[in-house]
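This report refers to the structure that appears directly beneath it.
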Amino acid sequence: MAGTIQVQPGSAANTQGRVGAGITWLRQFPLLTIFVLLVVLVTPGIFADVLAPHDPVRGDILDRLKPPAWMEGGSWEHPLGTDKLGRDILSRIMYGARISMTMAAVSIVCGGIVGTALGLVAGYWGGWWDHVIMRLVDIKVSIPTILLALILAAAMGPSYFTVFIVVVLTLWTRYARLVRGEVLSLRTMDFISKAKVAGCSTPRIVVRHLLPNVVNTIIVLATLEVGVVIILEATLSFLGAGIPPPNPAWGLMVADGRVLVINAWWVSFFPGMAILLTVLSMNLLGDWLRDKLDPKLRNV
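In this note's numbering, the protein residues as written are 1040 to 1339.
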């Protein structure tokens, strides 16, 4: 009959299969993106001594402000160009990745340990412990991080230790608040009551029953905080309150090129892109871990 629509057998199943394959690919896309970005950014930082083509601190003034290799006047000896002192930008980005990742790892571990311990104490014991710890959190949150960094830099001078102190003081409050909230809901559950009836001591309840139930949350928060630490370290270095020159910190590299944006845009652009891609990859990793570790979101 005229106007009759012919439906081929299996076409609906084929369409559904293609849709399912597309959904599967979309689910895996963040993980693939994370993997590629981390390999491209983290691996050169770890093996910078071997992979970097030049010394990140020494430069040749005759090679100053050379453009990237694909531009007129550039050369593959300096693939991403050079800065105003003739230092190779690619080498400095590689060594800068090492600085950023090391600072993030050490400060997140230290801040996480302090914040988690205080959050467990505040959430489980409550009372004046809770009031004192939470008031300390409120005091820290009320102090701008940049102002604290400038005060410490003026007192102790810009250094790795100054950045470390600022980052730890910033991070522990986030862990403490999050862990306290989790513990407040966990301590009223039946398995905690049964542990008390069974004669478990308070430290045993905290370590064996409460801590394992907040580990997933801590891991997700730690992953997300990597981006925060990298941006904070870059900001402090940019303002002169962080990593001192001539160390190849990403923030310092962006600061060095801020007056050369029009004539030598590559000096700031490539370290800025390294910051952007690293933070993006860690945020994607944090979102992916949250979806995998949170039982409420696992089947969504």
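For glycine and all other residues, C-beta sits at the position ideal for the given N, C-alpha and C.
Beta-carbon proximity check, residue i vs residue j, cutoff 8 Å
| i | j | result |
| --- | --- | --- |
| residue 1309 | residue 1119 | yes |
| residue 1316 | residue 1101 | no |
| residue 1288 | residue 1296 | no |
| residue 1098 | residue 1137 | no |
| residue 1094 | residue 1306 | no |
| residue 1271 | residue 1282 | no |
| residue 1293 | residue 1311 | yes |
| residue 1215 | residue 1161 | yes |
| residue 1314 | residue 1273 | yes |
| residue 1325 | residue 1263 | yes |
| residue 1197 | residue 1280 | yes |
| residue 1247 | residue 1158 | no |
| residue 1253 | residue 1221 | yes |
| residue 1329 | residue 1236 | no |
| residue 1129 | residue 1106 | no |
Close beta carbons around residue i, own chain, < 6 Å, minus the five adjacent residues each side
| i | result |
| --- | --- |
| residue 1226 | 1163 |
| residue 1153 | 1211 |
| residue 1201 | 1191, 1192 and 1195 |
| residue 1169 | 1161 |
Bridge partner(s) assigned by DSSP for residue i
| i | result |
| --- | --- |
| residue 1121 | 1127 |
Local conformation of residue i per DSSP, three classes
| i | result |
| --- | --- |
| residue 1110 | coil |
| residue 1115 | coil |
| residue 1105 | coil |
| residue 1170 | helix |
| residue 1195 | helix |
| residue 1099 | coil |
| residue 1137 | helix |
| residue 1300 | coil |
| residue 1142 | helix |
| residue 1288 | coil |
| residue 1154 | helix |
| residue 1093 | coil |
| residue 1200 | helix |
| residue 1279 | coil |
| residue 1239 | coil |
| residue 1329 | helix |
Beta-carbon proximity list for residue i, same chain, < 7 Å, skipping 5 on both sides
| i | result |
| --- | --- |
| residue 1090 | 1083 and 1133 |
| residue 1268 | 1142, 1143, 1146, 1147 and 1206 |
| residue 1180 | 1212 |
| residue 1155 | 1214, 1218 and 1257 |
| residue 1140 | 1081 and 1084 |
Candidates the options, of which the one nearest residue i by Cα
| i | options | result |
| --- | --- | --- |
| residue 1142 | 1214, 1096, 1313 and 1199 | 1199 |
| residue 1256 | 1327, 1105, 1077 and 1165 | 1327 |
| residue 1208 | 1147, 1252, 1109 and 1261 | 1147 |
| residue 1192 | 1285, 1205 and 1180 | 1205 |
| residue 1076 | 1150, 1320, 1165 and 1087 | 1320 |
| residue 1086 | 1096, 1071 and 1135 | 1135 |
| residue 1186 | 1275, 1323 and 1203 | 1275 |
Other residues of its chain near residue i: CB distance less than 8 Å, five sequence neighbours each side excluded
| i | result |
| --- | --- |
| residue 1232 | none |
| residue 1044 | Low local confidence applies: a pLDDT of 47 at residue 1044 is under 50, so the model's placement there is unreliable, with the coordinate-based value given in what follows. There are no such residues. |
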